[in-house]
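Report on the following structure.
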Amino acid sequence: MARRHVSVLGGGPGGLFAARLLALRHPDWTIKLFERLQPTDTFGFGVGLSAAALSSIRAVDPQSCEQILAHAIEFSSGKFDLPSGSVEIPGFHSGIAVGRTALLAALVQTARDAGVEVNFGSSHTAQALSAESDLVVAADGVSSSTRERYNEAFGPEITLGRGRYIWCGSEAPLDGTVFMPVHTPAGTFTTHAYPYAPGRSTFVIETDEQTLQNAGFDTRDIRSGRPDDGTLTFLSEQFQPLLQGHKFIGNKSWWFQFRNLSCRRWSHENIVLLGDAAATADPSLGSGTKLAMESAIALADALETWGERPLAEALDAFEQTRRPAIGRFQGWAGRSQLWWDSFPQRLHLGPARIAVAYLSRTGAVPLESALTTSEAIMRTAAAEWAGVDAADIPTDNFVDWVLGRPLHTDRLHTETRIVDATADVSQRLVVTSADPWDSAGDAVVERVRECVRSDGRPVLLTGGADRDSLLDRLAVAERVRLETGATVAVTAAPDFSSDVVAGLLAGRIDLVHTQS
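1 is the number of the first residue of the sequence shown in full-length UniProt numbering; add one for each residue after it.
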């Protein structure tokens, strides 16, 4: 293969790992990486890597994997610490957490060990580098200047999350992941927290803009992303039960709106986007670093055939191979983002039922897996939902048992949770949106609200027969139940009875109509 000159823009995990892999596999190539910031300018605290991500990294580069593990800590516990009580989620986390600065330092060293020329404090553009390089890998982040420069070619679509989040750290020791909401007179703040080094923990805290306004923060600063001097002091006071006398530490800790990004294409001429420059996934799945590094592996694999076929074909192969996995994660992350944005509305549920709602929020964890890894939680949630003792729940045929429970309300009595096509309902409404809180969701809620005022019969939400459509209906149904008090049924194919059962236990629906 001919000698190549490859330039990488961006010194994040994706860019550094891609540069190293290309240097290892093609020692005769010239690989240069350019990062505009100095190493000391890195922001953030801990990041996570799943066991699956570590396995992928180890398979192609054992040395980098060992370097990462040398700076990481492992933990498996996770829990919800709620006003109504706590619930442990066994086997919650099978990967590691590592400080972002330590991770980047390890990847810089391994890249240099492989022969990559790493340049910090060096501002370059993809346009300039493309003239002197055979390939430019633009791993320049969600605010990618490369993507912006070639906007028409890449075709980005960006939507903003409704909530606000801030990333900070603390010296408070944690044993594992903690999800904890705190009620204040202004509203609810919820943290996702976990340890990433001895005596160091990372906290992502979420809320909505109205709560921030109620708390007295300058909303002009909130919208611009500028920090408010009182933010960390205020939050440290609210989360003292978890901080145990410690305070929050900031590092560019601003109230962000997450940018959900996808692109029509990932390559243009001899430039290819990588990591957050090409696609993002809400951080509540903890998958940003994983996606970037696994994309680096896929890119290096696709470029193995460069020379046997044109660069454009190799980059197309990279995109065709990697896009399905990215799309799948983005789908899960989108559902997770919507769930967390509306999390305070679920706090009337008991801890076990909230845990079930959490485990089933994306559709990525099958009910059968939750029954295996979190049987006690599932049984407790089912007992609370059905109003029985946990000892009365059968070990086998859990799904059938749940679906066979009766429903008794002031106006409705059913022998099971399954209703047939002749069921007497007040409205049959078609769900067309994956977002329960968009204008289509608003319209469904208003129509149901009108029904509830004059009619106590159930409403039936229907739509496509595929699983994604069912998950959309379940999410919209939950909002309808929460905001109108209506009895809600959804249509569902028999193959998806496990999703229906999760929806019942999580408080998303009351009944199901089996869809042929």
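Cβ atoms here follow ideal geometry from the backbone N, Cα and C, with glycine treated the same way.
Cutoff 6 Å; reference tryptophan 401; Cβ partners in own chain excluding five residues on either side | Closer than 6 Å at the Cβ level, and outside the excluded window around tryptophan 401, lie Pro394.
Can you look up serine 86 in the DSSP assignment and give me helix, strand or coil? DSSP places serine 86 in strand when its eight states are reduced to three.
For leucine 160, count neighbouring Cβ atoms within 10 angstroms of its own Cβ and tell me buried if that reaches 16, exposed if not.
Exposed, by the Cβ-count rule.
- Query: Taking the beta strand (DSSP E) that asparagine 260 falls in, what are its first and last residues?
  - Reply: The continuous beta strand (DSSP E) containing asparagine 260 extends over residues 259–263.
| query | In chain order, what residues of the same chain lie with their CB nearer than 7 Å to the CB of arginine 322, ignoring the 5 residues before and after it? | reply | The residues are Ser295 and Ala298.
Once the 5 residues before and after leucine 243 are set aside, which same chain residues still bring their CB inside 8 Å of it?
For leucine 243, where only same-chain residues beyond five positions count, the Cβ hits under 8 Å are Ser170, Ala172 and Ser236.
With the cut-off set at 9 Å, would you say aspartate 424 and arginine 467 are in Cβ contact? Contact check for aspartate 424 against arginine 467 fails: the beta carbons are separated by 9 Å or more.
How close, in whole Å, do the beta carbons of isoleucine 354 and leucine 82 come, if the pair is a contact with beta carbons under 8 Å?
-> The beta-carbon separation of isoleucine 354 and leucine 82, rounded to 7 Å, stays under the 8 Å limit for a contact.
Can you list, in chain order, the stretches of the beta strand (DSSP E) that have 3 or more residues and sit fully within the region 92–143? Segments of the beta strand (DSSP E) lying fully in the region 92–143: 96–99, 117–120 and 135–138.
Task: Identified DSSP bridge partners for phenylalanine 189 - done: In the DSSP output, where bridge partners are listed per residue, phenylalanine 189 has Val182.
Member of Ser123, Ala277 and Arg447 whose CA lies at the smallest distance from the CA of serine 144
Of the candidates Ser123, Ala277 and Arg447, the one whose C-alpha sits nearest the C-alpha of serine 144 is Ala277.
*So which of Pro39, Asp301 and Leu371 has the shortest CA-CA distance to aspartate 61?*
Comparing Cα positions, the closest option is Asp301.
Which residues mark the beginning and the end of the alpha helix (DSSP H) in which alanine 19 is found?
Counted as a single uninterrupted DSSP element, the alpha helix (DSSP H) harbouring alanine 19 occupies residues 13–25.
Notebook entry, point to check: So which of Leu54, Thr207 and Phe318 has the shortest CA-CA distance to glutamine 337?
Noted result: Checked all of Leu54, Thr207 and Phe318; the closest Cα to glutamine 337 is Thr207.
Spatial distance of tyrosine 196 from leucine 274 (CA atoms): One C-alpha to the other measures close to 25 Å.
Cβ-based neighbour list, isoleucine 158, same chain, cut-off 8 Å, excluding 5 preceding and 5 following:
These residues qualify, in order along the chain: Arg259, Asn260 and Leu261.
Open item on the list: I need the DSSP call for glutamine 38, collapsed to helix, strand or coil.
Closed with: Per DSSP, reduced to three states, the secondary structure at glutamine 38 is coil, with no helix or strand assignment.
Q. First and last residue of the alpha helix (DSSP H) that includes threonine 231?
A. 231–238 is the span of the alpha helix (DSSP H), which, as asked, contains threonine 231.
- Message: Comparing C-alpha positions only, which one of Ser426, Gly387, Leu347 and Val399 sits nearest to glutamate 368?
- Response: Out of Ser426, Gly387, Leu347 and Val399, Val399 has the C-alpha closest to the C-alpha of glutamate 368.
Practice item. Could you tell me the distance, in whole angstroms, from the CA atom of aspartate 218 to the CA atom of isoleucine 166? Key: A direct Cα-Cα distance of roughly 15 Å separates aspartate 218 from isoleucine 166.
Between alanine 386 and alanine 352, how many whole angstroms is the CB-CB distance? I'm expecting something under 8 Å.
Between alanine 386 and alanine 352, the beta carbon gap of about 12 Å keeps them out of contact (Cβ cut-off 8 Å).
Notebook entry, point to check: Looking at C-beta atoms only, is the number of pairs between the region 127–134 and the region 97–115 that lie closer than 8 Å three or more?
Noted result: Contact between the region 127–134 and the region 97–115 is absent, with fewer than three C-beta pairs closer than 8 Å.
Tell me whether arginine 379 is buried or exposed, calling it buried when 16 or more other Cβ atoms sit within 10 Å of its Cβ. So arginine 379 counts as buried.
- Taking leucine 482 as the reference, which of Trp306, Ser284, Asp442 and Ala314 has the closest Cα? Ranking Trp306, Ser284, Asp442 and Ala314 by Cα distance to leucine 482 puts Asp442 first.
**Prompt:** Given that a residue counts as buried once 16 or more other Cβ atoms are within 10 Å of its Cβ, and exposed if not, what is alanine 477?
**Reply:** Taking a 10 Å sphere around the C-beta of alanine 477, we find 16 or more other C-beta atoms and assign the residue as buried.
Cβ neighbour criterion (16 or more within 10 Å) applied to glutamate 35
The residue in question, glutamate 35, is buried, as its Cβ has 16 or more Cβ neighbours within 10 Å.
Just to confirm before moving on: does the CB-CB distance between histidine 192 and valine 204 stay below 9 Å? Yes, the Cβ-Cβ distance between histidine 192 and valine 204 is below 9 Å.
| query | Under the rule that 16 or more other beta-carbon atoms within 10 Å means buried, what is glutamate 319, buried or exposed? | reply | Burial call: buried.
DSSP state of proline 351 mapped onto helix, strand, coil
Assignment of proline 351 by DSSP, reduced to helix, strand and coil, places it in the helix class.
Subject >> 6 Å Cβ shell around arginine 4 - same chain, five flanking residues per side excluded >> reply: Take arginine 4, set aside five residues on each side of it, and the residues of its chain with a beta-carbon closer than 6 Å to its own are Trp29 and Asp134, in chain order.
*Which residues DSSP lists as bridging residue 548, in chain order*: Outside the shown range of the chain (1 to 516) lies residue 548, about which nothing can therefore be said.
**Asked** Do you know offhand how far glycine 503's Cα is from arginine 417's?
**Response** Between glycine 503 and arginine 417, the C-alpha separation is close to 12 Å.
- Would you call the region 277–290 and the region 37–50 touching, i.e. three or more CB-CB distances under 8 Å? Touching, per the Cβ criterion.
With a threshold of 7 Å on Cβ separation, who are the neighbours of glycine 12 within its own chain once the five nearest residues in sequence on each side are excluded? Spatial neighbours of glycine 12 in its own chain (CB-CB distance under 7 Å, excluding positions within 5 residues in sequence) are listed in chain order as Ala139, Gly141, Gly275 and Ala292.
Considering Cα atoms alone, identify which of Gly10, Leu347, Val8 and Thr462 is closest to methionine 180. Nearest of Gly10, Leu347, Val8 and Thr462 to methionine 180, Cα basis: Leu347.
Hey, valine 452 and glycine 404: beta-carbon distance below 9 Å or not? Their beta carbons are not under 9 Å apart, which means valine 452 does not touch glycine 404 by this criterion.
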